[in-house]
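Residue numbering for the sequence shown follows the working numbering, beginning at 330 and increasing consecutively.
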Amino acid sequence: MREFNITMLGARYVGKTSLLTSMCYEYEEEIAKTNIQLVPETRTASILEKSLIELKSLNDDPDNEGVSPSERVISESQDVESFTFQVGQKGKKPEIKLNFWDYPGSWNTDFKGEAIDRYVKEKITESVAIVVAIDTPALMEANGKWHQSQNRPSGIINRFKACYVDLKSPRLVILAPIKCESYMQDEKSRQELINKIKQQYKGLFDLFQSQQLVDKVAVVITPVQTVGNIFFSYIHIINDIEKVDKITPIFKFKKQNPDAQYSPKDNEQPLKYLLRFLLTLHLKNRLWGWGYVRDWFKWDEHLKQAIRDFAKDCKNSDGFEVIQGKNLLDIN
């Protein structure tokens, strides 16, 4: 069984685990249309089941007065988590293993020592794909006042600068705005979201479009409505009386319809892009002369077709965009 590593990047409390839960654990409707299945290992299933309960609990606001996802999560884990899924045809032995690495967001932005710094660099370097979780309200509201403190984009960009050096194999980078329901309701709002990401992550896009990386890195923007029915409402500011000038924004969300149920949208898109990318590496290996992948892919033809069927409708409009590397995502 061939294993692939994927790293989840994001600042503290941005929602990486919620994103992973949504994209890999709540996709039955899409999977039912194909002959592919994604099976979490026992420990992964246990952790994500708890995360799913937390996500669904955001609907449990009887007075509809506004909820905050960050207020309902446990304090940031200090441990590295590995979430493992096996991919294969329904009723057959899996042929692919996906390892999603999720480590504390503060490791991206705060120096935690040489050992941790090396560890993070190793994980990013060896990962075939990186999923960058973006707190959308922090990016969009109050003229982006809280974007730097909540998403810490400079730390993310610096990680890529340090790790994406002399790449010998292609990579996929997925920028996934989450908690984005309020900004996906009409064409104007969706375009504003895309434009803001391009503006605030310009340094990252400039890096990927450099001569050394432009042909080796595919970059996509895939918004994920992780709950589907809870929309940004307002920002509650907390002042820390023990620290001068220390204020903390709490982003509040509200259901437009009090009876609305948990209904994530587009949560399968990052996974579709990931499998599409892996299939492209297989299909174009000989054409591009990437000898390093010859032993990677000995997939059954039916599995290839199942992946193709699942990944064929990756979105590329209405808030979704392939920034670069379309040839690395071509499964035709």
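Built from N, CA and C at the ideal position, the CB exists for glycine as well. Since the structure is predicted, the reported quantities are computational estimates derived from the model, not experimental observations.
Please determine, among the options, the residue with the shortest C-alpha to C-alpha distance to residue i.
| i | options | result |
| --- | --- | --- |
| K583 | V494, D629, F537, S511 | S511 |
| D495 | I503, P482, V543 | V543 |
| A324 | A640, S646, L600 | Since the first residue of the chain shown is 330 and the last is 661, residue 324 is not available in this structure. |
| P369 | I567, V416, I360 | V416 |
| L303 | K508, F489, V548 | This structure leaves residue 303 out entirely; the chain is present only between 330 and 661. |
| K531 | Y563, E455, N487 | N487 |
| S347 | R331, I365, F560, L387 | L387 |
| D408 | K426, K419, P433, P423 | P433 |
| M337 | I485, D446, S646, S592 | I485 |
| L536 | L367, A471, K419, I652 | I652 |
| S592 | E521, K508, Q538, I567 | K508 |
| F333 | S478, I425, K655 | I425 |
| F412 | H476, I360, K421, R372 | R372 |
| M513 | F561, T350, T363, G648 | G648 |
List the DSSP bridge partners of residue i.
| i | result |
| --- | --- |
| V343 | Partner(s): none; V343 has no beta bridge. |
| I566 | P578 |
| S411 | W430 |
| I507 | D464, V553 |
| I365 | Q418 |
| A547 | L501 |
With DSSP collapsed to three states, give me the class of residue i.
| i | result |
| --- | --- |
| N428 | strand |
| Q529 | helix |
| D595 | coil |
| A635 | helix |
| E650 | strand |
| D624 | With a pLDDT of 47 at D624, under the threshold of 50, the modelled position of that residue is not reliable, and the figure given next carries that caveat. Three-state result, D624: coil. |
| I523 | helix |
| L381 | helix |
| M330 | coil |
| I403 | With a pLDDT of 40 at I403, under the threshold of 50, the predicted position of this residue should be treated as unreliable, though the coordinate-derived value follows. Residue state, collapsed to three classes: coil. |
| A374 | helix |
| M352 | helix |
| A640 | helix |
| D392 | Because the pLDDT of D392 is 47, which lies under 50, any placement of that residue in the model is unreliable, and the question is left without a value. |
| T577 | strand |
| K583 | strand |
| R615 | In this prediction, R615 scores a pLDDT of 48, lower than 50, which makes its location untrustworthy; no coordinate-derived value is stated. |
| I660 | coil |
| I335 | strand |
| L608 | helix |
| I559 | strand |
| L542 | coil |
Roughly how far, in whole angstroms, is the beta-carbon of residue i from the beta-carbon of residue j, given that I think they are within contact range, below 8 Å?
| i | j | result |
| --- | --- | --- |
| L384 | T551 | Actually they do not touch by this definition, with Cβ atoms about 18 Å apart. |
| I636 | L608 | 5 Å |
Any beta strand (DSSP E) of 3 or more consecutive residues that is wholly inside the segment 420-500: Here the runs fully enclosed are 425-431, 458-464.
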